[in-house]
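Residue numbers (the numbering used here), protein chains in the order written: chain W, 223 to 467; chain A, 223 to 467; chain Z, 223 to 467; chain L, 223 to 467; chain E, 223 to 467; chain Y, 223 to 467. Yeah, the Cβ is synthetic: ideal placement off N, Cα and C, and Gly gets one too. Inspection log for the structure reproduced underneath, given as structure tokens.
There are 6 protein chains.
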Amino acid sequence: MKPTLKSRPETASLLAFGAHPDDIEFGCGGVIAVETRAGRAAHFVICSRGEAATHGTRAQRTSEARRSAALLGATVEFLELDGDAHLERRVAHAIKLAGALRRLRPGIVLAPTPGENQHPDHSRLGQLVRDAARLARYGGVRELRANAPHAIGTLLFYAVTPEAEPAIETPMLIDISAPEIVAAWTAAMEVHVSQTRARDYVELQLTRARLYGLRAGVGHAMALFPNDPVVFDSLAHVCRGARGF
Amino acid sequence: MKPTLKSRPETASLLAFGAHPDDIEFGCGGVIAVETRAGRAAHFVICSRGEAATHGTRAQRTSEARRSAALLGATVEFLELDGDAHLERRVAHAIKLAGALRRLRPGIVLAPTPGENQHPDHSRLGQLVRDAARLARYGGVRELRANAPHAIGTLLFYAVTPEAEPAIETPMLIDISAPEIVAAWTAAMEVHVSQTRARDYVELQLTRARLYGLRAGVGHAMALFPNDPVVFDSLAHVCRGARGF
Amino acid sequence: MKPTLKSRPETASLLAFGAHPDDIEFGCGGVIAVETRAGRAAHFVICSRGEAATHGTRAQRTSEARRSAALLGATVEFLELDGDAHLERRVAHAIKLAGALRRLRPGIVLAPTPGENQHPDHSRLGQLVRDAARLARYGGVRELRANAPHAIGTLLFYAVTPEAEPAIETPMLIDISAPEIVAAWTAAMEVHVSQTRARDYVELQLTRARLYGLRAGVGHAMALFPNDPVVFDSLAHVCRGARGF
Amino acid sequence: MKPTLKSRPETASLLAFGAHPDDIEFGCGGVIAVETRAGRAAHFVICSRGEAATHGTRAQRTSEARRSAALLGATVEFLELDGDAHLERRVAHAIKLAGALRRLRPGIVLAPTPGENQHPDHSRLGQLVRDAARLARYGGVRELRANAPHAIGTLLFYAVTPEAEPAIETPMLIDISAPEIVAAWTAAMEVHVSQTRARDYVELQLTRARLYGLRAGVGHAMALFPNDPVVFDSLAHVCRGARGF
Amino acid sequence: MKPTLKSRPETASLLAFGAHPDDIEFGCGGVIAVETRAGRAAHFVICSRGEAATHGTRAQRTSEARRSAALLGATVEFLELDGDAHLERRVAHAIKLAGALRRLRPGIVLAPTPGENQHPDHSRLGQLVRDAARLARYGGVRELRANAPHAIGTLLFYAVTPEAEPAIETPMLIDISAPEIVAAWTAAMEVHVSQTRARDYVELQLTRARLYGLRAGVGHAMALFPNDPVVFDSLAHVCRGARGF
Amino acid sequence: MKPTLKSRPETASLLAFGAHPDDIEFGCGGVIAVETRAGRAAHFVICSRGEAATHGTRAQRTSEARRSAALLGATVEFLELDGDAHLERRVAHAIKLAGALRRLRPGIVLAPTPGENQHPDHSRLGQLVRDAARLARYGGVRELRANAPHAIGTLLFYAVTPEAEPAIETPMLIDISAPEIVAAWTAAMEVHVSQTRARDYVELQLTRARLYGLRAGVGHAMALFPNDPVVFDSLAHVCRGARGF
């Protein structure tokens with residue numbers, strides 16, 4: 223039913239959605255670095271130019287996003303919805319995102335967590351991507367006929383800030399402690415000069431990843447939250463529990 | 223810090239604890255079959271002879287347990303605590319179980335879910351094993367000095383019945399649909415004739431595994447509930463989400 | 223305050239809302255069969271023709287819905303909102319549904335669960351029906367003046383798929399194990415040939431109902447999730463707990 | 223399997239457990255009054271004399287309990303465990319309580335909620351009764367051989383204080399608003415003079431029941447929390463939702 | 223970063239949002255009375271005229287709101303969104319509310335709880351105010367340029383009805399038991415004659431506040447639910463736990 | 223009823239319970255430093271000598287605890303229960319702790335969080351202290367007659383490790399960012415050389431406090447979890463929400 227992924231999960235491509243030009247880097251940049259260094263193709267779809275932020279112009283932020291994606295080994299495109307700080311939860315947006323899923327046909331999809339107590343664009347994009355992942359596989363949606371239906375392999379949420387982490391669900395931790403990974407991730411965050419000059423975003427994310435790392439007994443780790451139970455072929459790859467203390 | 227597991231997770235051994243002679247088979251027998259067929263060593267520690275059940279003598283149930291473990295490719299031992307239907311949550315028990323962990327030095331530990339609305343022996347054994355996994359790695363516990371401290375790789379809970387599944391936590395699903403796996407698991411359950419004659423236990427478990435399988439788009443699947451976040455090296459092995467419908 | 227229901231609950235009529243032509247059958251068809259066989263009037267309001275599905279035309283699916291409702295002893299009507307896979311959460315829709323509630327004046331209302339991790343039409347219809355149940359009893363909503371306000375007796379949610387069941391809330395189980403009930407329900411599901419040919423929907427639902435049945439010590443059972451606490455006159459009708467294992 | 227209850231639920235007897243001489247009255251006295259006035263036999267098992275309270279002697283409190291039970295139409299017995307404020311969670315206690323269940327063979331069992339943030343005796347008695355309800359039906363528990371196994375029909379928890387209500391679970395509300403019911407309940411609470419002289423217990427409980435009543439659109443109501451999903455034969459008796467505001 | 227509040231929290235002004243002319247009074251009127259009597263400036267923003275209610279005209283309800291606010295020592299304004307029973311969750315509304323936040327520059331913001339199982343206008347206004355509190359501090363939102371960005375000090379939710387209280391979160395209780403506070407609050411509720419004539423709203427709220435008061439060992443108390451963790455300089459002001467029973 | 227605290231909360235004394243010689247410092251040392259520097263008396267009751275740890279003798283650890291408490295401005299005593307890694311949940315222990323509460327008569331009590339997925343001594347001590355806080359105010363507990371009953375003002379839980387933080391409850395954050403506070407806290411942790419030499423405990427706690435600080439817009443902050451709703455006289459001291467990002 224999902225032949226590609228079941229047969230060759232290691233070559234399935236990764237698609238990350240971000241509401242603003244820096245969300246993917248801040249929320250899961252270390253994981254992107256791990257995957258691209260392992261040879262997985264990664265692509266970013268960014269849904270605004272960050273034009274409602276206190277600092278940075280559209281042009282600056284677009285440029286920062288492009289340079290940052292390159293540092294992480296990812297390609298990038300912009301897909302306009304309602305503009306920064308104006309995102310609404312419309313079916314038309316979910317269909318547009320489903321169109322991107324059909325066109326790009328990723329195995330792994332990353333999106334911001336859908337919980338509502340955070341920047342409203344973040345939660346809504348997470349909700350829209352989740353809806354889109356379903357619409358992409360329904361054969362009869364008329365607006366989507368240009369591309370064949372596509373069933374993604376998995377939808378994983380990243381939290382742009384600590385507040386955006388779901389309270390109840392157990393995260394999966396991805397070990398990002400290889401020095402070159404932490405360095406690439408840090409560099410990718412620091413490219414967003416327009417934002418990091420005003421607020422301690424880089425320290426926030428490194429502190430968060432270090433805390434997860436300390437818990438897991440590694441250097442740094444990032445948390446992802448699966449939208450659905452994950453299916454494993456065996457226990458071979460689930461035998462490291464985070465229980466450092 | 224956990225060198226064995228990190229370097230060779232696929233050969234780490236598996237240790238399953240059961241409160242009664244049939245709990246492991248009913249709650250995670252399919253997973254055991256997957257692992258032993260993949261070459262992993264599996265051992266069962268059973269903490270009573272099931273002597274408080276409505277049906278079956280101590281001797282019958284002991285014999286059923288031995289034959290069933292053999293069908294699943296596992297070795298088995300009995301470790302008496304307070305007896306069937308009499309298990310209490312004593313530190314002395316946790317220390318005894320920690321002693322078993324130090325002696326057997328497993329990478330993966332399976333135990334019944336610790337939630338309380340189920341057979342009281344089940345929840346208490348889950349709680350005791352969780353405590354034991356900590357005590358096993360503290361160097362100064364005087365009763366444990368006979369063996370070197372041991373840090374397990376991961377603690378995963380299995381639910382003996384549907385009611386025992388934690389309501390909130392997202393399970394990991396293990397695909398057990400290979401026909402020889404389902405057959406071995408079914409055979410192992412059916413060995414417990416003293417129990418299955420009176421109640422539909424086998425149908426209950428097969429129905430439960432089939433429902434998970436239908437959700438995950440496979441034949442049968444079993445749910446496990448990790449006690450701690452699981453740490454992954456990359457996304458290579460977490461890219462199959464259960465999203466069949 | 224709710225005189226009709228309090229005085230004659232057994233004759234209060236039942237109204238079930240579905241987002242697609244087969245949702246009611248798959249999610250609570252066995253309960254419908256129980257109620258109509260006991261003499262309760264049942265009516266379905268279906269809010270799309272299922273035209274976005276991979277299989278089946280509008281005409282086919284409409285016809286399947288009509289035949290299926292008849293097999294369950296229910297009448298049926300279609301109420302168009304935004305179309306299949308396009309449903310949005312608009313106040314205008316809630317008002318339209320409230321208008322239906324005022325016109326049909328049911329005692330018991332069934333709707334899909336409002337939790338968001340499922341087909342987006344399902345959750346939104348559940349949310350809209352919940353809003354509609356409130357609007358139906360406010361006297362001053364100008365669009366609703368054609369009919370007198372109406373307070374329903376109870377709003378119960380059904381889950382179209384296992385994923386759509388609320389994680390935390392305790393369900394009410396309805397015993398549907400009489401052979402003629404299971405047969406009528408199965409037949410009603412099988413009428414939806416356009417859908418069941420491609421996916422194991424019938425097996426999914428029967429497996430789910432059998433698992434609840436095994437837990438409750440009966441043949442088959444279906445779960446409903448009340449939107450509000452249920453008020454009972456005494457304990458006379460709440461004395462069968464599901465505690466089979 | 224549970225033939226008595228299924229065939230004649232209205233005559234099944236009720237057994238309420240209390241940790242102290244006034245807990246049943248304060249936590250579910252109105253429900254007892256409803257049931258006994260409807261002809262159901264009710265019996266109280268009280269597990270201490272309340273001797274650790276700030277006010278009241280053993281003799282006074284015993285006498286208050288007897289008079290109060292009589293006002294509610296219930297019989298009463300005392301079953302000593304560890305004494306007031308000394309209750310521990312021992313298997314021997316669960317077995318003793320299971321023995322009472324086998325001897326008394328109730329259909330409906332009421333016990334205090336098992337959540338831990340309340341008087342420790344309350345939560346532990348709730349936990350012990352839950353365990354006892356399982357042990358009572360296992361055929362092989364040697365200490366229980368004097369009486370045949372017994373499967374109760376349902377286990378419902380009452381909350382002695384508002385803090386003891388489970389946060390997440392949806393309660394069932396029992397309408398106790400008939401004037402003679404409220405009067406009988408109030409009288410039964412007021413018999414506990416040794417306690418009510420020092421604290422506003424009666425006002426606390428009446429206020430709580432009035433708040434539930436206002437929510438449900440009736441005079442007064444009391445909340446019960448089922449330990450397991452409740453099984454219904456149809457929707458005939460679940461069609462009054464509490465949705466007053 | 224939040225200099226005003228940190229330096230002089232006691233003089234920061236309070237802004238309460240209500241969806242209908244009586245929501246603030248019913249949901250947190252006692253708290254308003256406490257604050258204005260202590261010298262804090264309070265202002266109400268009411269987002270409809272309550273024109274969809276069963277009773278009361280726009281003019282009546284507007285007049286009731288003005289008189290009630292005066293009794294509580296607050297000023298009041300009306301800000302129209304979609305009209306009573308028609309409120310949708312649009313970004314344009316959040317921006318309009320953010321504009322009010324920038325214009326009024328409050329330290330403390332009160333809004334209805336955002337949970338969805340209640341009057342749909344209540345939950346949506348709570349959600350919109352939460353979004354508005356973020357938008358108000360982003361410098362680049364073009365529609366908001368007329369006023370400088372503003373970061374509020376805290377966002378606290380009030381529950382208009384008991385059902386609207388979040389199930390899981392621990393409330394903060396505000397002691398409103400001074401007789402003049404209860405009197406002022408009661409008077410403010412009773413001004414809404416158009417509503418209170420038909421339903422027991424005043425009794426409902428007084429009963430709710432009395433129950434919280436009994437729990438906390440005071441006369442009456444009201445619950446508020448903070449949207450974010452509250453930051454304290456020390457434990458000096460958090461040392462009264464509600465543990466009356 | 224709680225006159226002392228209500229009248230002079232700022233001078234109520236603080237009592238912190240720890241299961242091991244370093245738990246208080248690691249879990250809430252910064253808060254202790256804040257309070258003692260503000261003039262509040264603080265006392266530690268430590269319930270083992272940490273003799274089961276991998277490193278450190280009883281004598282070393284006792285000495286470390288004494289020096290550390292002194293650095294935080296607190297007095298300290300040892301109260302033996304079952305010994306390190308052997309703590310059980312016995313009523314006799316709760317009574318012993320209640321005796322300490324009656325003798326020391328604190329206003330504010332700090333204890334480890336009672337959630338079970340952590341070092342078993344930690345959770346059990348939290349549970350025992352919670353029980354003790356109730357027993358301390360019951361007048362009739364015979365073992366406690368040497369001292370008059372005492373009602374504490376509030377019970378706040380601290381988490382020794384991140385895993386021990388309750389998933390659902392909203393914490394209160396205490397701002398500990400004054401440089402002399404962070405310095406005193408760090409020094410107090412570093413005194414526990416026997417432990418910190420082997421594991422990154424100090425970095426773990428500083429990272430955790432820095433992450434809370436970044437969220438709250440301050441330097442460092444520590445989280446506490448109240449056992450009961452906190453009662454406030456007004457909003458004057460709850461107007462700083464943690465919403466930095």
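Residue i to residue j, Cα distance in whole Å?
i      : j      : result
Y/R465 : W/I403 : 30 Å
L/P334 : Y/A358 : 22 Å
L/T429 : L/G441 : 11 Å
Z/T284 : E/E385 : 39 Å
W/R421 : E/R324 : 21 Å
E/G295 : E/I374 : 22 Å
Z/T297 : Z/R364 : 29 Å
A/Q282 : A/S416 : 7 Å
Z/D455 : L/D397 : 5 Å
Y/P328 : Y/L236 : 6 Å
L/V253 : L/P448 : 14 Å
Z/L378 : E/L433 : 29 Å
Under 8 Å between C-beta atoms, does residue i make it to chain W?
i      : result
E/P448 : no
Y/S235 : no
Could you work out which residues of chain Y lie near residue i, taking near to mean beta carbons separated by less than 8 Å?
i      : result
A/P371 : T276
E/G348 : Residues of chain Y passing the Cβ test: none, with the nearest at roughly 15 Å.
Report the neighbours of residue i on chain Z: residues whose CB is nearer than 7 Å to its CB, in chain order.
i      : result
A/L433 : P384, T429, R430, L433
W/G362 : E273, A274, A275, T276
Residues of chain A with CB closer than 7 Å to the CB of residue i, please, in chain order.
i      : result
Y/H341 : R356
Give the interface partners of residue i over in chain E, defined as CB-CB distance under 7 Å, in chain order.
i      : result
Y/C250 : Chain E residues near Y/C250: none, gap ~10 Å exceeds 7 Å.
Looking at the C-beta of residue i, does it have a partner C-beta in chain Z at a distance below 8 Å?
i      : result
A/D289 : The question names Asp, but residue 289 of chain A in the sequence shown is Arg. Answer no: the Cβ-Cβ gap between A/R289 and chain Z never drops below 8 Å.
Which residues in chain W sit within 9 Å of residue i, going by Cβ to Cβ distance?
i      : result
E/R352 : E338, N339, P342
Counting only C-beta atoms, is residue i closer than 8 Å to chain Y at any point?
i      : result
L/A307 : yes
L/E310 : yes
E/F454 : yes
E/R465 : yes
Chain A partners of residue i, CB-CB under 9 Å?
i      : result
Z/L436 : P384, D422, E425, L426, T429, R430
How about residue i: is its C-beta nearer than 8 Å to some C-beta of chain A?
i      : result
Y/R304 : Reading the sequence as shown, one finds Asp at residue 304 of chain Y and not Arg. Yes, Y/D304 counts as interfacial toward chain A.
Just to make sure I have the definition right: I need the residues of chain W whose C-beta is within less than 8 Å of the C-beta of residue i. Which are they?
i      : result
A/I330 : L457, C461
Given that residue i touches chain Z, what residues does it touch there, using C-beta distances under 9 Å?
i      : result
W/G375 : The contacting residues do not exist; W/G375 stays about 17 Å from chain Z at best.
Identify every run of the alpha helix (DSSP H) within the stretch 313 to 386 of chain Y, keeping only runs that are complete inside it and at least 4 residues long; order them along the chain. 313 to 326, 342 to 357
Closer than 9 Å, Cβ to any Cβ of chain Z: which residues of the stretch 377 to 401 of chain L, in chain order? L377, L378, I390, E391, T392, P393, M394, L395, I396, D397
Closer than 8 Å, Cβ to any Cβ of chain L: which residues of the stretch 408 to 424 of chain A, in chain order? none
Of the residues that make up the stretch 257 to 283 of chain A, which ones have a beta carbon closer than 8 Å to any beta carbon in chain W? E257, A260, R262
Where in the stretch 250 to 311 of chain W do unbroken runs of the alpha helix (DSSP H), each at least 4 residues long, occur, reported from the N-terminal end onward? The stretch 250 to 311 of chain W contains these whole alpha helix (DSSP H) runs: 280 to 293.
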